[in-house]
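There are 2 protein chains.
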Amino acid sequence: MTYDGTATPRSSRGRRASRPTGDDRELDILTTAAKLLQERALSEISIDDLARGAGISRPTFYFYFRSKDAVLLTLLDRVTEEIGAAVTGTFDRLREDPVRYWRECLAATHTTFATHRSVLAAAVEAGRTSAEVRRWRSDMKEIWITRTTLAIEAERARGTAPPGPRARDLAIALNAMNDSVLYATLTGDEPAVPASDVVEILLHTWLTTIYQTARPTSAA
Amino acid sequence: MTYDGTATPRSSRGRRASRPTGDDRELDILTTAAKLLQERALSEISIDDLARGAGISRPTFYFYFRSKDAVLLTLLDRVTEEIGAAVTGTFDRLREDPVRYWRECLAATHTTFATHRSVLAAAVEAGRTSAEVRRWRSDMKEIWITRTTLAIEAERARGTAPPGPRARDLAIALNAMNDSVLYATLTGDEPAVPASDVVEILLHTWLTTIYQTARPTSAA
DNA sequence: GACTCTATCGACACTATGTCGATAGAGTCA
DNA sequence: TGACTCTATCGACATAGTGTCGATAGAGTC
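So this is what it looks like as structure tokens:
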């Protein structure tokens, strides 16, 4: 939606230099990929499909991207930007109203997953074979885990949350749970938590894991 | 280890009838597959690799199995049997000593994952493209989830665990967490919980989610 | 010795990937 | 204006994998 290949020369995810006309084609490929990913899995999309969708021949595709994975990585860069923008801000609310803070975090995660469902599913798929995609995923996880770890430590420091296992390890487990529960719910592979309840279920698990009660308050 | 293709005519996972000599070859293929899966991913193993490993030509492979996925499914059948055997029994201990019960459940899950790491990783991979493998995975999940749901409901019924969200939904979330945390720990893709701590971390999350305390007792 | 069934493979058709070399055209400049 | 460069393009090829068809060797009846 907000992709702009002209601003920076962009760190060479396959594309040569950047000059006028070619950017349109690059965008055509990305748009085609995004559209096709909403219909079928990455492995079921051939490079020929992407090329045809963008109105070019298969060899020409390679002028713009090194591979299918390179296209996905560029799509993932957009996601990174949007998430980066959405994530900042809410951190102060933790002090005032912890339950509300965590609910908003989880709801935001849910929204992110829902919005980018098809591209994220493709990232999971491609992660099995592409080291670069795997890298993107672990960087992304690291960001959420770090945020969670800091929040848990802050709550323990002010006495709202009791001590317990290493905060980082809990953060890893809770975020892993989010990933796979939301993935199942949104892609519809059973058994899954119904979409209407998923945030509340996750919230229950997060709160009890962190506070050892489902109703923590700001009163230390 | 305990595979026996002769006992039952086996429900046609690709193999024709069952007669003397061919069973050896079928087993050769399975052994080759299991061995190669410990070195590399399913997508990096060609049917030719399996055929050569079993000392036959590629067309002959198709005499024994419909596809690579069919081989994997037969490998997964072994896993099912072993897990089925390991899982029974422990259920009574829940009344006496809940913490011990859950710790043993989680430790058993950890062991299962560790023992069958390579085959289970292949199942995750193949699940993206094969409906049958996906089916196997969801059946397997269903078993664990049902067990967990029953245990949670039992604890709530006798008053050891407080009421809370639908037991089945919690069971789905907790089992999903297990899957993905153990997967990361055992395959080593960071960020992951260290192998030495993983059972205790999961235990903490399970106990607090179910009991809202990290130290539940049998005293109602 | 004719007949059947298992097990085997060579050869083919198909699909997808990735590369090489030729080339058309737009922009530069001497 | 013509020589020169760079982007963008594609046809044709090489390669690797999958799945099928038809032929056939041999073991076991009868």
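For the protein sequence lines, the chains are A and B, in the order given. Here the first sequence is numbered in the working numbering, starting from 1 and rising by one per residue. Here the second sequence is numbered in the working numbering, starting from 1001 and rising by one per residue. Cβ coordinates follow ideal geometry from the N, Cα and C atoms, glycine included.
The Cβ of A/Lys141 sits closer than 8 Å to at least one Cβ of chain B.
Under the three-state reduction of DSSP, A/Glu190 is assigned to coil, being neither helix nor strand. In summary, A/Arg128 is buried, with 16 or more beta-carbon neighbours lying within 10 Å of its beta-carbon over all protein chains present. For B/Gly1084, no CB of chain A lies under 8 Å from its own CB, so it is not counted at the interface with that chain.
Within chain B, Ala1173 have C-beta atoms less than 8 Å from the C-beta of A/Leu202, given in sequence order. Contact between the region 1172-1188 of chain B and the region 1077-1093 of chain B is absent, with fewer than three C-beta pairs closer than 8 Å. Counting C-beta pairs with one atom in each stretch, the region 1159-1167 of chain B and the region 155-162 of chain A have fewer than three that are closer than 8 Å, which means they do not touch. For A/Gly127, the enclosing alpha helix (DSSP H) covers residues Arg117 to Gly127. Counting only Cβ-Cβ distances below 7 Å, A/Gln212 has contacts in chain B at Thr1208, Gln1212, Thr1213 and Ala1214, in chain order. Counting along the chain, A/Thr149 sits inside the alpha helix (DSSP H) bounded by residues Ala131 to Ala157. Between B/Phe1063 and B/Ile1047, the C-beta gap is not smaller than 8 Å, which leaves the two residues out of contact. Under the criterion of beta carbons closer than 8 Å, B/Ile1056 and B/Arg1025 qualify as touching, at roughly 6 Å. A/Ile152 is positioned such that its CB atom lies closer than 8 Å to that of A/Ala167.
In this structure, the straight-line span from the alpha carbon of B/Gln1212 to that of A/Gln212 is close to 5 Å. Residue-level contact by beta carbon fails for B/Glu1132 and chain A, as no gap is shorter than 8 Å. DSSP places B/Gly1084 in the uninterrupted alpha helix (DSSP H) bounded by Lys1068 to Val1087. For A/Ala192, at least one C-beta of chain B is nearer than 8 Å to its own C-beta. Under a 10 Å Cβ-count criterion, A/Asp92 is classified as exposed, with fewer than 16 other Cβ atoms of the shown protein chains found around its own Cβ.
In the three-state DSSP reduction, B/Pro1162 falls in the coil class, being neither helix nor strand. Under a criterion of Cβ atoms nearer than 8 Å, the residues of chain A adjacent to B/Ala1176 are, in order, Met177, Ser180, Val181 and Ala184. Shown here, B/Ser1218 sits in coil according to DSSP, grouped into three states, outside any helix or strand. Setting aside the 5 residues that flank it on each side, A/Ala107 is surrounded in the same chain by Val199, each with a C-beta closer than 6 Å to its C-beta; the list follows chain order.
The Cβ of B/Glu1125 sits closer than 8 Å to at least one Cβ of chain A. Cβ proximity to chain A below 8 Å picks out Lys1141, Glu1142, Ile1145, Gly1164, Pro1165, Arg1166, Asp1169 and Leu1170 from the region 1140-1170 of chain B. B/Asp1179 is the residue among B/Leu1170, B/Arg1066 and B/Asp1179 whose C-alpha sits nearest the C-alpha of A/Ile172. DSSP places A/Ile56 in the coil class of the three-state scheme, outside both helix and strand.
Secondary structure note for A/Leu42: it is in no alpha helix (DSSP H), with a DSSP letter that is neither H nor E. Interface criterion not met: the Cβ of B/Ala1051 is under 8 Å from no Cβ in chain A. Residue range Val198 to Tyr211 is occupied by the alpha helix (DSSP H) that includes A/Thr208.
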